[in-house]
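**Student:** Numbering-wise (my numbering), the sequence shown opens with residue 580 and increments by one. For every residue, glycine included, the Cβ atom is placed at its ideal position computed from N, Cα and C. This structure is a prediction, so every number in the text was calculated from the model and none was measured. Structure in structure tokens, see below.
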Amino acid sequence: MRAVDGVSFDIAAGERRGVVGESGSGKSVTAMSIMRLIEPPAGEIVTGTIDFQGTNLLAMPEDDMQDVRGGKIAMIFQDPMTSLNPVYTIGDQLMETIMLHQHVNKHDARDIAAQALDDVHIPGPQTVLDDYPHQFSGGMRQRVMIAMGLSCNPDLLIADEPTTALDVTTQAQIMDLMLQLAADRGTAVMLITHDLGVVAGFCDTIQVMYAGGIVESGTAQEIFGDPQHPYTWGLLGSMTRLDESHAERLHSVRGAPPSLINPPRGCRFNPRCDFVQDICRASYPALRTSGGDDQLAACHFAVDLDLKTIDVREGSTT
Ligand SMILES: Nc1ncnc2c1ncn2[C@@H]1O[C@H](COP(=O)(O)OP(=O)(O)O)[C@@H](O)[C@H]1O
Ligand SMILES: [Mg+2]
580 MRAVDGVSFD IAAGERRGVV GESGSGKSVT AMSIMRLIEP PAGEIVTGTI
630 DFQGTNLLAM PEDDMQDVRG GKIAMIFQDP MTSLNPVYTI GDQLMETIML
680 HQHVNKHDAR DIAAQALDDV HIPGPQTVLD DYPHQFSGGM RQRVMIAMGL
730 SCNPDLLIAD EPTTALDVTT QAQIMDLMLQ LAADRGTAVM LITHDLGVVA
780 GFCDTIQVMY AGGIVESGTA QEIFGDPQHP YTWGLLGSMT RLDESHAERL
830 HSVRGAPPSL INPPRGCRFN PRCDFVQDIC RASYPALRTS GGDDQLAACH
880 FAVDLDLKTI DVREGSTT
């Protein structure tokens, strides 16, 4: 089964990229591939390149990759309880990362760790260092994970559903905090979420993933203001909005994502699409310019719309 296939994108230094799509669309596999955490027998990176600051990570010796992982690229996972080791103190775990990547002694590592906890607004960081993960609430543990992720000043922070396990109020606080800290340090962020609402206002650019591929990408304005792909429309329709004058019924995308073992022929979204035409069942739409300057969409229909606009502008009647 191809969990992701033909996925290609760039993230610039300091950029905030949102990656959205339903569960199973390949978001985590994409992130884990960048970190080179896809390993047999669970999975395999068959082909492709992952260029990071001019080096192909897939060709790098494992020793060098260990410096990149946690040092230049950090990753925060959905459930902090599975990433934090329950039998070691918060301090031990933070200091281990710091000593490994910053080559400092234990004493200095402790100071850096305390500062990192202070940065994420954890009160009494010096004493907290001697506490165990179970002594914290979910939100606090996720703050610790952010502190750990940012403690080595990575150039890229990959946050995979960092707030999905938290309640809504805590979600907003954690997201604000994480993005503020990243902005202060000039860290690029790849924020993965199944919730388009979470990336609104937080991200510069957005890519929408479906069934192992990118179906649409562009700036946040383009994606929210003029979405080209019916799947993106569907995701937007299922978002709660405060600016709707009366309680509108929320639309959801009907059906369920396809099995990647035997994906549909043509456009992978066609069995769920309200606008499906014969061509959608026959051929796979390539990702191409559609809508705004930086916008790409993988939809036959979106491209048709675009051509029509050009035709009208040129005075053609066809
Ligand atoms: N270790 C694994 N073994 C088998 N299938 C996997 C594994 N990890 C992910 N997958 C499959 O790869 C696809 C993409 O998964 P994933 O990237 O986790 O989705 P997302 O993060 O978008 O929810 C899914 O169909 C999932 O079932
Ligand atoms: Mg995931």
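(1) Looking at the unbroken beta strand (DSSP E) that takes in Arg720, where does it start and where does it end?
(2) Could you name the residues of the same chain whose beta carbon sits closer than 8 Å to that of Ala591, not counting the 5 residues immediately before and after it, in chain order?
(3) Spatial neighbours of Tyr810 within its chain, please: C-beta separation below 6 Å, excluding the five flanking residues on both sides.
(4) Kindly provide the ranges of any alpha helix (DSSP H) runs that are 4 or more residues long and lie completely inside the segment 647 to 684, ordered along the chain.
(5) Contact check, Asp734 vs Lys651 under 8 Å by CB: the rounded distance?
(6) Strictly by DSSP, which residues pair up with Gly845?
(7) Look at Met719 and Ala738 and say whether their C-beta atoms are less than 9 Å apart.
(8) Could you check what DSSP says for Asp872 in three-state terms: helix, strand or coil?
(9) Would you check if there are 3 or more beta carbon pairs closer than 8 Å linking the segment 776 to 788 to the segment 694 to 709?
(10) Does at least one heavy atom of ligand 1 sit under 8 Å from the Cβ of Met654?
(11) Tell me the start and end of each unbroken alpha helix (DSSP H) in the segment 756 to 806 that is at least 4 residues and wholly inside, in chain order.
(12) How far does the beta strand (DSSP E) with Arg595 in it reach, from first residue to last?
(13) Among Ile613, Arg833 and Ile677, which residue has its Cα nearest to the Cα of Val583?
(14) Pull up the distance between the alpha-carbon of Leu616 and that of Leu673, whole angstroms please.
**Tutor:** On the basis of the coordinates in this document:
(1) Unbroken run through Arg720 is the alpha helix (DSSP H), Gly717 to Leu729; no beta strand (DSSP E).
(2) Ala767
(3) Tyr789, Val794 and Phe848
(4) 659 to 662 and 669 to 681
(5) 5 Å
(6) Paired residue(s): none; Gly845 is not in a bridge.
(7) no
(8) coil
(9) no
(10) no
(11) 775 to 778 and 799 to 804
(12) Arg595 to Val599
(13) Ile613
(14) 21 Å
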